[in-house]
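So the protein lines, in turn, are chains A and B. FYI, the numbering used here numbers position 14 of the first sequence as 21, with every residue one higher than the one before it. FYI, the numbering used here numbers position 74 of the second sequence as 81, with every residue one higher than the one before it. Backbone N, C-alpha and C fix where the C-beta goes; we use that ideal spot for every residue, glycine too.
Number of protein chains: 2
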Amino acid sequence: MSEETGPAVQDFYPEHLAWCYGCGRLNESGYQFKTRWDGDETVTRFTPAPYHTAVPGTVYGGLLASLIDCHSTASGAAGLYRAEGREFSDPGRAHRCVTGTLTVRYRRPTALGPELEVRGRIIAVDRRKVTVASRIVVGGEVTVEADAVVIEVPEDFGAGR
Amino acid sequence: MSEETGPAVQDFYPEHLAWCYGCGRLNESGYQFKTRWDGDETVTRFTPAPYHTAVPGTVYGGLLASLIDCHSTASGAAGLYRAEGREFSDPGRAHRCVTGTLTVRYRRPTALGPELEVRGRIIAVDRRKVTVASRIVVGGEVTVEADAVVIEVPEDFGAGR
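Rendered as structure tokens:
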């Protein structure tokens with residue numbers, strides 16, 4: 008069982024960077040993934056729709072990659088806050104990362120139906136670059152393992168578009 | 008300019024394996040990606056919707072990963088047909104692959120608006136395992152590079168679900 012509580016990192020993305028189809032709180036057509044700390048791990052939860060299918064009975068790999076993608080950028084931002092000893096809601100710069108490289112290893116089929124749990128660990132923070140290792144768990148079983156290198160965007164990135 | 012013509016490999020997936028959210032011809036809620044030969048390369052084309060956004064003005068990385076995912080499994084199937092000297096429509100086994108490992112390198116932002124072109128090459132066919140290298144091109148510029156290892160599923164995989 009998870010004890011994660013508190014705000015999601017996506018709730019603090021700057022407004023002009025909060026339109027992501029996966030995790031932007033302002034994108035009403037999107038998934039609105041939310042990522043929170045649970046101790047030293049980051050957690051994102053999502054329940055797929057019945058049509059998010061690969062082979063019948065299993066979750067579409069592209070959706071799993073999408074989950075990992077947004078979970079990783081969010082974990083990267085969370086890692087940057089923590090490296091500064093800050094909470095998401097503390098005054099100062101709001102962190103926002105984009106993905107550099109994403110590697111997804113589909114270990115076994117992911118059952119379609121139950122809530123998916125993505126759990127991540129911050130492997131390294133190197134200035135603007137954060138390395139995140141994640142796994143997708145469903146029904147207590149790890150079905151997907153992933154690594155991502157994410158990069159913090161400059162503070163004015165995407166502003167004025 | 009592309010000269011690709013002819014049928015898409017997804018049009019020949021067995022019916023019980025044609026429900027993928029990305030590329031299943033029977034999934035009316037999905038993207039219905041189609042992949043064809045163009046000489047020695049495989050090609051998949053897709054025009055994102057305005058809400059498929061990452062940072063405003065750019066395409067959502069999860070959608071790009073989804074495109075690569077289905078393009079790679081389709082390319083793997085196409086590669087298996089070609090290794091046998093067969094057209095998709097020839098009598099005999101219909102090939103269908105799933106993804107083992109997917110690596111996506113986001114080289115630069117992908118502009119949201121124009122049609123995306125995914126182009127792939129078959130790097131190796133080793134029995135049921137096919138390695139595919141792909142790139143996403145928009146407006147003549149490569150924005151994403153990717154590698155995938157895909158695996159042919161057994162002929163009765165997913166049947167009866």
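query	result
The segment 44-64 of chain B: positions lying closer than 8 angstroms to chain A by Cβ	Ala56, Tyr58, His59, Thr60, Ala61, Val62, Pro63 and Gly64
Reduced DSSP secondary structure (H/G/I, E/B, other) of Arg115 (chain A)	coil
Beta-carbon contacts of Ala101 (chain A) that lie in its chain and below 6 angstroms, excluding the five residues immediately before and after	Phe19 and Pro21
Three-state secondary structure (DSSP) of Arg43 (chain A)	strand
Spatial distance of His140 (chain B) from Cys77 (chain A) (CA atoms)	With the sequence shown as reference, residue 140 (chain B) is identified as Ala, and His is not the correct amino acid for it. So the alpha carbons of these two residues sit roughly 23 angstroms apart.
Beta-bridge pairing of Ser141 (chain B) - partner residues as DSSP gives them	B:Gly127 and B:Ala153
Gly68 (chain A) beta carbon less than 9 angstroms from that of Ala118 (chain A)	no
Terminal residues of the alpha helix (DSSP H) in which Arg100 (chain A) lies	Taken as a continuous stretch (DSSP letters only), Arg100 (chain A) belongs to no alpha helix (DSSP H), as it is neither H nor E.
Beta-carbon spacing of Thr49 (chain B), Arg126 (chain B) below 9 angstroms	yes
Under 7 angstroms from the C-beta of Ala72 (chain B): neighbouring residues of chain A	Gly69, Ala72, Ser73, Asp76 and Leu109
Proximal residues to Thr60 (chain B) (C-beta, below 8 angstroms), its chain only, five neighbours per side dropped	Val66, Tyr67 and Leu119
Under 9 angstroms between C-beta atoms of Asp45 (chain B) and Glu11 (chain B)	yes
Beta-carbon proximity of Thr138 (chain B) to Arg103 (chain B), cut-off 9 angstroms	no
Cβ of Ser36 (chain A) within 9 angstroms of any chain B Cβ	yes
For Thr54 (chain A), the residue or residues it bridges with in DSSP	Paired residues: none, contrary to the question.
Chain A within 9 angstroms of Phe19 (chain B), Cβ atoms only	no
Cβ contact check for the segment 83-102 of chain B and the segment 145-163 of chain B: 3 or more pairs under 8 angstroms	yes
When B:Ile143, B:Ile129 and B:Gly107 are compared against Thr51 (chain B), the one with the closest alpha-carbon	B:Ile143
Closer than 7 angstroms at the beta carbon, the chain A residues around Thr106 (chain B)	Gly68 and Tyr113
Cβ-based neighbour list, Gly146 (chain A), same chain, cut-off 8 angstroms, excluding 5 preceding and 5 following	Ala118 and Pro121
Rounded C-alpha distance that separates Ser36 (chain B) from Cys27 (chain B)	10 angstroms
Cβ neighbour criterion (16 or more within 10 Å) applied to Ser96 (chain A)	exposed
Nearest-angstrom Cα separation, counted from Ala155 (chain A) out to Lys136 (chain A)	10 angstroms
Inter-residue Cα distance where the pair is Arg112 (chain A) and Ile75 (chain B)	14 angstroms
Residues bridged to Ser133 (chain B) [DSSP beta-bridge criterion]	Here residue 133 (chain B) turns out to be Asp, not Ser, going by the sequence shown. According to DSSP, which records beta bridges pairwise, Asp133 (chain B) is partnered with B:Lys136.
His23 (chain A) at chain B interface by Cβ criterion, 9 angstroms	yes
Minimum C-alpha distance to Leu70 (chain A) - residue among B:Arg32, B:Glu148, B:Thr106 and B:Ala153	B:Thr106
Short-range partners of chain A found in the segment 144-168 of chain B, where Cβ spacing is below 8 angstroms	Val160, Phe164, Gly165 and Arg168
Residues bridged to Ile158 (chain A) [DSSP beta-bridge criterion]	A:Val105 and A:Lys136
Contact check, Ser73 (chain B) vs Ala56 (chain A), beta carbons under 9 angstroms	no
Residues near Arg114 (chain B) in its chain [Cβ-Cβ closer than 7 angstroms; skip 5 each side]	Val149, Thr150, Val151 and Glu152
CB contact check: Gly127 (chain A) to chain B, cutoff 9 angstroms	no
Proximal residues of chain B, C-beta to C-beta of Gly120 (chain A) below 7 angstroms	Residues of chain B passing the Cβ test: none, with the nearest at roughly 12 angstroms.
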